[in-house]
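Q:
Residue numbers (the numbering used here), protein chains in the order written: chain C, 27 to 715; chain R, 286 to 459.
Structural data, given as structure tokens:
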């Protein structure tokens with residue numbers, strides 16, 4: 027139901043699921059499950075999902091389909107792909123997915139076909155967090171974890187931790203708060219997290235970086251940092267000090283709207299409990315074009331507190347090797363593939379996004395690459411539970427670009443926007459109906475988790491690892507998929523892991539690779555992966571690529587009268603773009619609302635609950651969304667939940683409910699970090715006719 | 286009042302609405318009836334900070350329920366052994382008298398069966414020694430279920446812990 031994959035326990039009777047709960051054996055979970063988790067039952071029995079392979083019979087998006095058998099559908103896709111690859115090369119195929127347990131298999135598929143163009147949703151969410159971490163520590167964000175349970179103060183920049191939720195982290199955090207930990211929350215909008223915080227600042231939208239420079243200014247001026255840690259592990263402190271000199275708390279007060287005295291107070295308060303301090307680096311890190319510098323400033327604050335590799339702070343994730351347990355095998359790295367010489371389609375690791383993590387790619391470049399055939403023609407797209415039409419900004423441009431493709435294949439559990447626009451739908455079994463590759467969860471206590479098949483598929487659906495192998499066989503690359511069953515995949519993954527057998531998963535659904543928390547020695551043993559082996563405030567990664575480590579702060583202008591900064595976010599009930607049609611979740615949150623400040627609404631003659639129209643440049647409009655008129659949002663911003671305004675009639679419950687944020691957002695990116703700037707767009711609002 | 290009590294720890298509740306879905310998925314209910322509902326109150330500013338409450342409203346299982354005597358068919362009933370108030374669906378004729386009578390809106394309308402459906406503390410689970418679905422899977426474990434007298438103690442324990450901690454802070458601050 028959700029990419030967090032909180033571990034669950036499923037009770038089955040007569041091949042039907044009768045109960046889902048959180049895995050009782052996992053700390054921080056202990057049976058707990060969120061709304062989405064329990065709503066898995068409704069997904070399982072939903073008749074409004076693809077039930078058999080379908081081949082388009084009308085125009086794209088028209089909704090005319092013919093039912094096909096698997097053989098026919100797979101032959102159809104393979105024949106077309108073969109012809110496309112023959113004429114345009116393997117690189118004319120792009121494959122997009124949400125990172126999942128079988129990513130090593132889909133990457134194998136692309137590599138074997140000679141396409142460098144496998145991409146994941148990751149960059150759209152947090153590309154700049156990834157690059158920021160690499161620029162400072164040499165690790166990606168995915169290689170970092172947070173020790174919530176032992177923290178004494180956590181600072182969240184719009185990380186709406188109690189709504190955009192992961193169960194174990196929030197229970198660990200609540201436990202810490204029970205023991206006196208403080209929560210500081212910074213967001214232009216009062217979320218539920220704000221209502222649980224000890225300190226809440228309604229910051230002016232887009233100015234978090236100014237706040238952080240003032241915090242750093244204070245910490246350096248008052249020498250509040252962890253001196254031993256910084257001396258040992260940080261390079262570039264003097265350069266940072268010189269840089270933040272002009273960014274006083276008084277200066278930041280004017281930019282952010284947060285009182286200077288309050289900023290100083292926070293700096294002193296966190297310093298008192300260092301290093302058990304978390305400046306949360308974010309879940310989504312895709313808001314503004316200078317995103318990487320905000321994320322770097324947050325990570326630098328952690329470094330100054332000495333909290334990177336500290337209990338109650340940030341922890342570098344440990345894997346099987348660190349636990350002395352050998353290695354976990356992946357098909358995409360364990361095999362030799364034909365050499366690929368062409369660059370990626372999306373400029374990831376090249377001109378457009380030179381520092382972005384090209385193992386994930388930059389899907390926001392999809393429409394541009396197709397339209398301009400730059401760097402070469404793209405002819406086919408396979409989308410596996412990835413939603414280009416709601417996740418990439420300026421979705422009407424994406425839709426136009428898709429028209430130029432010769433083949434669109436959706437491997438999906440839903441009638442998503444892209445499935446409805448595809449030429450072929452290969453329906454995927456849902457997580458309760460399929461087993462998947464084992465999951466390696468790295469962390470202070472690394473572990474392996476297993477997803478077994480709970481029940482047989484309700485409809486004629488298949489797992490993606492099976493679908494890709496069938497396509498591979500037809501495309502003469504079957505030799506790269508040396509498995510028949512899921513057990514073959516599991517045994518391959520475990521072959522070089524010491525002392526783990528499949529039956530070890532029987533008792534609890536997971537196998538712990540270390541019984542104690544693994545920390546590197548803070549005095550001498552933190553293996554930072556930068557060239558200097560230190561946390562590089564002056565970043566060799568950035569500087570070598572010609573980017574400054576400390577560009578001067580650029581003030582954020584207030585939107586012109588009648589315009590607002592469009593902010594987007596999540597609630598606890600829905601997963602991104604994929605659950606709006608779930609019968610149980612739809613009942614709770616059937617549509618999104620436009621939060622707008624009461625003064626702004628009064629000026630525009632907008633009443634609470636009234637339908638309004640939202641308009642962005644260049645003339646993208648969203649028909650109807652209800653206004654939520656409130657004091658609890660900054661007057662410069664409006665806010666809506668992500669993932670509504672769907673256009674697929676087959677999803678009858680959420681069809682045309684609310685507004686689509688992706689339709690309104692302009693496609694602007696942080697080209698250094700790699701994220702799109704999803705909260706940068708200015709919109710106008712007026713009463714709907 | 287039944288011998289059971291359902292305690293909600295407001296401090297830990299994050300209004301995630303999971304309890305509602307745990308309930309509905311367990312009972313197999315269609316859109317419409319919400320046997321236990323989270324009623325959000327706020328946000329409002331309290332001592333300079335935005336605060337919001339999420340009040341969980343299942344059935345209270347009254348000692349002297351309004352809904353039972355008004356039921357003309359004796360479908361609404363109280364279990365003698367533990368006081369759980371529940372509907373016997375075979376006897377319910379859908380007259381809605383109980384919906385009218387209940388001061389808190391606990392009895393709900395099932396649009397597909399044309400009968401009343403209400404929170405029964407998941408008595409089939411309780412009889413197996415399990416907790417109601419909403420409690421068993423609560424995201425933050427802010428819902429607790431048990432005998433009234435034990436729950437009373439839970440509250441006192443928590444209060445004592447809070448006070449003790451505050452005292453500690455006050456003392457160490459001197």
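We put the beta carbon where it would ideally sit given N, CA and C, even for glycine.
Given the structure is predicted, the values throughout are model-derived calculations rather than measurements.
(1) Taking DSSP as the reference, what is the three-state secondary structure of residue 374(C)?
(2) Could you tell me if residue 350(C) is buried or exposed, where buried requires 16 or more neighbouring beta carbons within 10 angstroms of its beta carbon?
(3) What are the residues of the segment 592–610 of chain C that lie near chain R, defined by any Cβ-Cβ distance shorter than 8 angstroms?
(4) Are the beta-carbon atoms belonging to residue 555(C) and residue 163(C) less than 8 angstroms from one another?
(5) Between residue 306(R) and chain C, is there a C-beta pair that is closer than 8 angstroms?
(6) Decide yes or no for the touch test of the segment 282–295 of chain C against the segment 221–240 of chain C: beta carbon pairs closer than 8 angstroms, at least 3 of them.
(7) If distances are taken between C-alpha atoms only, which option among 643(C), 27(C), 608(C), 628(C) comes closest to residue 192(C)?
(8) According to DSSP, which residues form a beta bridge with residue 473(C)?
(9) Kindly indicate if chain R contains any beta-carbon less than 8 angstroms away from that of residue 221(C).
(10) For a test of your reading of the model: does the CB of residue 342(R) fall under 7 angstroms from any non-hydrogen atom of the ligand FMN? Yes or no.
(11) If we count Cβ pairs, one from each stretch, closer than 8 angstroms, do we get three or more for the segment 411–426 of chain R versus the segment 374–393 of chain R?
(12) Would a check of beta-carbon distances place residue 559(C) closer than 8 angstroms to chain R?
(13) Label residue 112(C) either buried or exposed according to how many other C-beta atoms from any shown protein chain fall within 10 Å of its C-beta, with 16 as the threshold for buried.
(14) Which residues, in order along the segment 291–302 of chain R, keep a beta-carbon less than 9 angstroms from a beta-carbon of chain C?
(15) Residues in the segment 40–62 of chain C with C-beta within 9 angstroms of chain R's C-beta atoms, listed in sequence order?
(16) Near residue 260(C), which residues of its chain fall below 7 angstroms by C-beta distance, leaving aside the five closest residues on each side in sequence?
(17) Under three-state DSSP, which class holds residue 66(C)?
(18) Do you know how far the Cα of residue 325(R) is from the Cα of residue 337(R)?
(19) For the 8 angstroms Cβ check, are there 3 or more pairs between the segment 633–648 of chain C and the segment 93–109 of chain C?
(20) Relative to the alpha-carbon of residue 80(C), which residue among 452(C), 551(C), 144(C) has its alpha-carbon at the smallest distance?
(21) Within 10 Å of its beta-carbon, does residue 20(C) have 16 or more other beta-carbons around it, so buried, or fewer, so exposed?
(22) Report the CB separation of residue 292(R) from residue 400(R) in whole angstroms; it is logged as a contact under 8 angstroms.
(23) Compare the C-beta of residue 390(R) against all C-beta atoms of chain C and say whether one is closer than 8 angstroms.
(24) In the DSSP assignment, find the unbroken beta strand (DSSP E) run with residue 239(C) in it and report its ends.
(25) Could you check whether the Cβ of residue 35(C) sits closer than 8 angstroms to any Cβ belonging to chain R?
(26) Kindly indicate which three-state DSSP category residue 130(C) falls into: helix, strand or coil?
(27) Give a yes or no on whether the minimum CB-CB distance between residue 403(R) and chain C is below 8 angstroms.
(28) Just verifying my parser: in three-state terms, what is the DSSP assignment at residue 45(C)?
(29) What is the DSSP secondary structure of residue 459(R), reduced to helix, strand or coil?
(30) Thinking just about the alpha-carbon of each residue, which of 627(C), 491(C), 50(C), 399(C) is nearest to the one in residue 194(C)?
(31) Considering just the uninterrupted stretch of the alpha helix (DSSP H) at residue 354(R), what are its terminal residues?
(32) Classify residue 309(C) as helix, strand or coil using the three-state DSSP reduction.
(33) Can you give me the Cβ contacts of residue 460(C) inside the same chain, cut-off strictly under 7 angstroms, excluding the 5 residues immediately before and after it?
(34) Given that residue 328(R) touches chain C, what residues does it touch there, using C-beta distances under 7 angstroms?
(35) For a contact meaning CB atoms closer than 8 angstroms, what does residue 386(R) contact in chain C?
(36) Determine the chain C residues that contact residue 423(R) at a beta-carbon separation under 7 angstroms, and present them in chain order.
A: Inspection of the coordinates gives the following:
(1) Residue 374(C): strand per DSSP, three-state reduction.
(2) So residue 350(C) counts as exposed.
(3) Those would be 598, 599, 609, 610, in chain order.
(4) In contact: residue 555(C) and residue 163(C) (Cβ atoms closer than 8 angstroms).
(5) Closer than 8 angstroms: yes.
(6) The segment 282–295 of chain C, when compared against the segment 221–240 of chain C, does touch it at the 8 angstroms Cβ threshold.
(7) Nearest of 643(C), 27(C), 608(C), 628(C) to residue 192(C), Cα basis: 27(C).
(8) Residue 473(C) is bridged to 467(C), 538(C).
(9) True, the Cβ-Cβ gap to chain R drops below 8 angstroms.
(10) Among the ligands in the structure shown, none appear at all, so the ligand FMN cannot be discussed.
(11) Counting C-beta pairs closer than 8 angstroms gives fewer than three between the segment 411–426 of chain R and the segment 374–393 of chain R, which falls short of the contact rule.
(12) At a cut-off of 8 angstroms between beta carbons, residue 559(C) makes no contact with chain R.
(13) Residue 112(C) counts as exposed, since fewer than 16 other C-beta atoms from the protein chains shown sit within 10 angstroms of its C-beta.
(14) Under the 9 angstroms Cβ criterion, the segment 291–302 of chain R contributes 296, 297, 299, 300, 301, 302.
(15) Taking 9 angstroms as the upper bound on Cβ-Cβ separation, chain R lies near residues 44, 45, 46, 47, 48, 56, 57, 58, 59, 60, 61, 62 of the segment 40–62 of chain C.
(16) If the five residues before and after residue 260(C) are omitted, its C-beta is found closer than 7 angstroms to the C-beta atoms of 329, 560, 561, 563, all from its own chain and listed in chain order.
(17) Of the three classes helix, strand and coil, the one that applies to residue 66(C) here is helix, per DSSP.
(18) Straight-line Cα distance between these residues: approximately 7 angstroms.
(19) No contact exists between the segment 633–648 of chain C and the segment 93–109 of chain C.
(20) Per the C-alpha coordinates, the member of 452(C), 551(C), 144(C) positioned closest to residue 80(C) is 452(C).
(21) No statement about residue 20(C) is possible, as the shown extent of chain C runs from 27 to 715 and does not include it.
(22) The pair is not a contact, with the Cβ atoms about 30 angstroms apart (cut-off 8 angstroms).
(23) For residue 390(R), the closest Cβ of chain C is not nearer than 8 angstroms.
(24) In the DSSP assignment, residue 239(C) falls outside any beta strand (DSSP E) and within the unbroken alpha helix (DSSP H) covering 234–247.
(25) Not a single C-beta of chain R is nearer than 8 angstroms to the C-beta of residue 35(C).
(26) Reduced to three states, the DSSP call for residue 130(C) is helix.
(27) By this cut-off, residue 403(R) is not an interface position.
(28) Strand.
(29) Any reading at residue 459(R) must be qualified, since the residue scores a pLDDT of 47, below 50, and its modelled position is unreliable; the value itself is stated next. Taken through DSSP and simplified to helix, strand or coil, residue 459(R) comes out as coil.
(30) Restricting attention to 627(C), 491(C), 50(C), 399(C), the CA atom closest to the CA of residue 194(C) is found in 50(C).
(31) In the DSSP annotation of this structure, the continuous segment of the alpha helix (DSSP H) that includes residue 354(R) starts and ends at 352–355.
(32) In this structure, residue 309(C) counts as coil in the three-state DSSP scheme.
(33) Only 479, 489 meet the Cβ criterion.
(34) What residue 328(R) touches in chain C: 216, 221, 658.
(35) Neighbours of residue 386(R) on chain C: none; closest Cβ ~26 angstroms, over 8 angstroms.
(36) Simply 58.
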